[in-house]
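Residue numbers (the working numbering): -7 to 481.
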């Protein structure tokens, strides 16, 4: 058996039960740590333990899920404050559940298919929820398993089969389809913007109303999101102009909007009901402005705007100095025209081609604006910047709509995020990277950065000054958005 004795018990039911009975369940953290070590060793050598895996998981799963649920009360508290100790406890729970999910997925490929598929998806749901509770980016490995479980359950016609599990946590008369709907809806509702107690309340509500999410195999205009279950990630905003793969499902969540409104989740309801905003915004007066989308193009436009402002400022200073010296300029010199970034760089054709001109429609009191343009080569859930009247507006793409037989082929709904934009240099784990900071109306400082190995509550250097990644708000394949705070002295 090789290294089989790395486990603290012999692999038989009596020995495992004896070891579990010896654990002090009142010392929850220490006990979960011991179970975590066992699960980690099992994942290191899955082939070595494969023939015993069913016996091991039958014994380990109920107590692991129960204790990880108990741990949740230690890092999810009424004061909503997360210190280093709470985060450490949460990560112990999340990693234990992650290893447990891996093992159940392996076992679902071999024996008692329905049982282990059901257990695996429920464990994934708990793992993703706990990651959200500490505002941590969810594991791509877990999303990969969710997709694989959907594929497996679909192939075996088990999506709608009721489970028959003797363990209380799993025996809720749920189906695999219902549990996957809950997971997808939870992610669509942007729970990172909520407080911990609201996150838990939202999850309970979505689990109750998960049947309100309609999953379709073909795109219709009511489908705002799509999920490619062959990729390790959540559902994304649908781009109708891109051909989907065979493993793509389309999500219609319009039935959920009134429920969220009724249950006092108006902020979340706003984020999932974007299509309702299009008719009104479409009536607003259109103004032609320059835009850029994608984080690299946004970097470039901000820097271009900064150079333009410096040129403008220098020109004004020179004229002011001439006035002070009582040097009278010629008439044609007195007229100082305001310059725009487009005007200054108009001879740079390559630059202009990467910064299209679009029609911008904006309501007076709206948090959103509408961008209309002839072509759109970007991706969904990306950042976008609008340059107009010598002021930059940063936003996030929330909806992409393709119009037929219209002069402007695309409508892009953008949520306005902030202004006072700056390009900064950050250092994270000895790696240097460009990023964007901006101020919000609530006086928060946000950091936009390309996806990388960042961890909430860790310290980065921003322009050589220490800052804390206080809270993760958004994480997509295109960018990550953190609230940052200066490190206290």
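The beta carbon of each residue, even a glycine, is placed where N, CA and C say it ideally should be. Values in this document were obtained by computation on a predicted structure and should not be read as measured data.
* To do: Hey, could you find the ends of the alpha helix (DSSP H) residue 402 is sitting in?
  => Careful: residue 402 lies outside any alpha helix (DSSP H), inside the beta strand (DSSP E) at 402 to 420.
* If residue 51 sits next to residue 5, beta carbons under 8 Å apart, how far is it from one beta carbon to the other, in whole angstroms? -> 7 Å
* To do: Tell me whether residue 101 is buried or exposed, calling it buried when 16 or more other Cβ atoms sit within 10 Å of its Cβ.
  => exposed
* Simplified DSSP state of residue 332, which is helix, strand or coil -> With a pLDDT of only 47 at residue 332, under 50, the local geometry of the prediction cannot be trusted, and the value read off the model is given with reservation. The answer is coil: DSSP assigns residue 332 none of H, G, I, E or B.
* **Cβ distance (whole Å) where residue 293 is taken to contact residue 379 below 8 Å** => 6 Å
* Per-residue DSSP class, three states only, for residue 478 -> strand
* Residue from 384, 368, 382 and 414 with nearest C-alpha to residue 392 -> 368
* Asked: Among residues of its own chain, excluding the 5 on either side of residue 266, which ones have a beta-carbon nearer than 6 Å to its beta-carbon?
  -> 390, 391 and 405
* To do: Just mark residue 239 as buried or exposed, buried being the case when its beta carbon has 16 or more other beta carbons within 10 Å.
  => exposed
* Own chain partners of residue 463 with C-beta closer than 8 Å, once the 5 adjacent residues on each side are dropped -> 127, 184, 448, 474 and 475
* To do: May I ask you to report which of helix, strand or coil DSSP gives residue 94?
  => helix
* Whole-angstrom distance between residue 270 and residue 104, CA atom to CA atom -> 48 Å
* the region 233 to 247 / the region 172 to 192 touching (three or more Cβ pairs under 8 Å) -> yes
* **Burial state of residue 65, where buried means 16 or more other Cβ atoms lie within 10 Å** => exposed
* Could you pull the start and end residues of the alpha helix (DSSP H) that residue 115 belongs to? => 105 to 125
* Asked: Could you check where the beta strand (DSSP E) with residue 482 kicks off and where it finishes?
  -> Residue 482 cannot be examined here, being either before or after the span of the chain that is shown, -7 to 481.
* residue 384 beta carbon less than 9 Å from that of residue 249 -> no
* Is residue 217 buried or exposed, if buried means 16 or more other CB atoms sit within 10 Å of its CB? -> buried
* To the nearest angstrom, report how far apart residue 413 and residue 431 are at their CA atoms. => 7 Å
* State buried or exposed for residue 88, treating a residue as buried only when at least 16 other CB atoms are found within 10 Å of its CB. => buried
* To do: My understanding is that residue 17 touches residue 68, with C-beta atoms under 8 Å, so please give their C-beta distance in whole angstroms.
  => Not confirmed; about 20 Å, so no contact.
* **Unbroken beta strand (DSSP E) run spanning residue 220, endpoints** => 217 to 220
* To do: Note down, in chain order, each residue of its chain lying with its Cβ closer than 7 Å to the Cβ of residue 417, except the 5 sequence neighbours on either side.
  => 424, 426 and 455
* Sequence-distant residues of the same chain with beta carbon closer than 6 Å to residue 344, five excluded per side -> Reliability of the predicted coordinates at residue 344 is poor, the pLDDT of 36 falling under 50, and no value is obtained from them.
* **Separation of residue 219 from residue 559, as counted between CA atoms** => This structure cannot speak to residue 559, because the chain is shown only from -7 to 481.
* To do: Compare the C-alpha of residue 92 against each of 28, 401 and 291 and name the closest.
  => 28
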